[in-house]
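**Q** Shown below is the structure under consideration.
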Amino acid sequence: MQSATRLMTVAVLDGDETLWQETRSTLEGQTTEEWQSLVVQNTPDRSEALEEDVKTVVLRQAKRQELSLCWKRAIRFALSRWEGQDLSKRYLVFVRPGVLFGQEALKRFLEKLDREPEIGMLGATVCAASQEQDSDERRVYTFSPTILSAGQALNRFRRPIHLLQGRDRKELVSPMVWFAPAPHAFIVRAAELSTPEMAEWLDERSILPCSPEHLLAVLTATGTLSERLDDAAIWWPASLSLDRGKSSLEMYRCFRIAESAMDNGWWRLRHFPWLFIRMLYGWLLFIVSPKQWPQTLDYWKQRFVAYRWHYRFRAQSIGASKRRSWFTPLVGADKI
Numbered sequence: 004m005q006s007a008t009r010l011m012t013v014a015v016l017d018g019d020e021t022l023w024q025e026t027r028s029t030l031e032g033q034t035t036e037e038w039q040s041l042v043v044q045n046t047p048d049r050s051e052a053l054e055e056d057v058k059t060v061v062l063r064q065a066k067r068q069e070l071s072l073c074w075k076r077a078i079r080f081a082l083s084r085w086e087g088q089d090l091s092k093r094y095l096v097f098v099r100p101g102v103l104f105g106q107e108a109l110k111r112f113l114e115k116l117d118r119e120p121e122i123g124m125l126g127a128t129v130c131a132a133s134q135e136q137d138s139d140e141r142r143v144y145t146f147s148p149t150i151l152s153a154g155q156a157l158n159r160f161r162r163p164i165h166l167l168q169g170r171d172r173k174e175l176v177s178p179m180v181w182f183a184p185a186p187h188a189f190i191v192r193a194a195e196l197s198t199p200e201m202a203e204w205l206d207e208r209s210i211l212p213c214s215p216e217h218l219l220a221v222l223t224a225t226g227t228l229s230e231r232l233d234d235a236a237i238w239w240p241a242s243l244s245l246d247r248g249k250s251s252l253e254m255y256r257c258f259r260i261a262e263s264a265m266d267n268g269w270w271r272l273r274h275f276p277w278l279f280i281r282m283l284y285g286w287l288l289f290i291v292s293p294k295q296w297p298q299t300l301d302y303w304k305q306r307f308v309a310y311r312w313h314y315r316f317r318a319q320s321i322g323a324s325k326r327r328s329w330f331t332p333l334v335g336a337d338k339i
């Protein structure tokens, strides 16, 4: 087995092996060699097995599993590779297959986190890349400065808003706005994933949901400081779908689940009027949208599970310093 490096990219493949090969080719062109890829292949029945090499570790599922279990297995495996080492100097990059990295993206991620140890999570600006074919019928990407996503911002009601929408840009200078990186590719300090609450969240026997979006929500809810590094841009192929409305809704639901997991009585008492109105609005949508019933019921089930988990593990998991505020204020909001 290969020796672990300081930085490990983590990806779960669910039928998108071709997209991962594009991402892998950009990783091979990085100016730093302190990286390694961990890939969970969740399609054993209808895809070719990926080959391991010096820079790639592949975990193959014997049978198709839920994506939540795949992510939990990948994160726990990555942390086990660094057992006994200083996790504050080890990093995990969660990658969505299809993302294209700049040549110095990982290097700048490392430099930023090494220079500022208080930062636990770092994101990047996602720009558009157009795909073409050259004379040899090879795919060639043209990188443009068009920004697709600069992360997720939450308003005072913890509703995800886009950083690029003109109407919402005025709210970014408010201290009541919180920030989370774009889920396409973001880096997390390994020490933030080894806390007691994260250990329970990542337990394969637990039915708590796990995905990059859920990790963003949970880490933000537990007080992890996050920033965006603009000079480490990544690209997303324009041919692939990027439904901003759907991604915002998914991020909103993930933050609500994390909110239930980190809930406390004082917060509910202070926000009771808004919570009551939001509950009535949720029931109204539930009644008028029968097609959304299965998805809504599953979402409330996940919130209930997270809520029960909080009351079981809150005493030993969540310290007083992390109960002071739910979410980390947006860093440098006045500069956006």
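Start counting the sequence shown at 4; every next residue gets the next number (the numbering used here).
Cβ atoms here follow ideal geometry from the backbone N, Cα and C, with glycine treated the same way.
Using only alpha-carbon positions, find the residue among Gln68, Gly18, Val15, Met124 that is nearest to Thr225.
**A** Thr225 has its Cα closest to that of Met124, out of Gln68, Gly18, Val15, Met124.
**Q** Could you give the residue range of the beta strand (DSSP E) that holds Pro240?
**A** Pro240 -> beta strand (DSSP E) spans 229 to 240.
**Q** Could you name the residues of the same chain whose beta carbon sits closer than 7 angstroms to that of Thr35, not counting the 5 residues immediately before and after it, in chain order?
**A** Around Thr35: Leu109, Lys110, Leu113.
**Q** I'd like the span of the alpha helix (DSSP H) that includes Arg76, first residue to last.
**A** Counting along the chain, the alpha helix (DSSP H) containing Arg76 begins and ends at 70 to 84.
**Q** Output the distance between the C-alpha atoms of Lys75 and Asp206, rounded to the nearest integer angstrom.
**A** Going by the C-alpha atoms only, they are around 7 angstroms apart.
**Q** In terms of residue numbering, what span does the alpha helix (DSSP H) encompassing Ser40 cover?
**A** No alpha helix (DSSP H) holds Ser40; the beta strand (DSSP E) holding it covers 38 to 44.
**Q** When we look at the beta-carbon of Ile237 and count the other beta-carbons within 10 Å, is it buried (16 or more) or exposed?
**A** Buried, since its Cβ has 16 or more Cβ neighbours within 10 Å.
**Q** Just reading off the alpha helix (DSSP H) that Ala202 is part of, what are its end residues?
**A** Where Ala202 is concerned, the enclosing alpha helix (DSSP H) stretches over 199 to 204.
**Q** Taking Cβ positions, are Gln33 and Phe104 nearer each other than 9 angstroms?
**A** Taking 9 angstroms as the Cβ cut-off, Gln33 and Phe104 qualify as a contacting pair.
**Q** Which value, in whole angstroms, describes the spacing of the CA atoms of Asp234 and Leu62?
**A** If you take the alpha carbons of Asp234 and Leu62, they lie about 32 angstroms apart.
**Q** For Leu22, which of Pro184, Glu200, Pro100, Leu116 has the nearest alpha-carbon?
**A** Here the closest residue by C-alpha is Pro100.
**Q** Would you check if the distance between the CB atom of Glu230 and the CB atom of Ile122 is smaller than 9 angstroms?
**A** Contact: yes.
**Q** Give a yes or no on whether the C-beta atoms belonging to Leu16 and Thr59 are separated by under 9 angstroms.
**A** Against a cut-off of 9 angstroms, the Cβ pair of Thr59 and Leu16 comes out as no contact.
**Q** Please classify Gly18: is it buried, with 16 or more other beta-carbons within 10 angstroms of its beta-carbon, or exposed?
**A** Gly18 should be labelled exposed.
**Q** Whole angstroms are fine: how far does the CA of Ile280 sit from the CA of Trp286?
**A** Near 10 angstroms, if we compare the C-alpha coordinates of Ile280 and Trp286.
**Q** Give the straight-line distance between the Cα atoms of Val43 and Thr8, rounded to the nearest whole angstrom.
**A** Roughly 18 angstroms between the two C-alpha positions.
**Q** Who are the Cβ neighbours of Leu82 in its own chain at under 7 angstroms, not counting the five residues just before and after it?
**A** Closer than 7 angstroms at Cβ, skipping near neighbours: Ala193, Leu196, Ser197.
**Q** With H, G and I counted as helix, E and B as strand and the rest as coil, what does DSSP make of Arg9?
**A** Residue state, collapsed to three classes: coil.
**Q** Are the beta-carbon atoms of Pro215 and Glu25 separated by less than 9 angstroms?
**A** The answer is no: Cβ separation not under 9 angstroms.
**Q** Tell me which same chain residues have a C-beta within less than 6 angstroms of the C-beta of Val191, skipping the five on either side of it?
**A** The answer, listed in chain order, is Leu95, Met124.
**Q** Rounded to whole angstroms, how far is the Cβ of Tyr144 from the Cβ of Gln134, which I believe are closer than 8 angstroms?
**A** Rounded, the Cβ-Cβ distance is 6 angstroms, consistent with contact.
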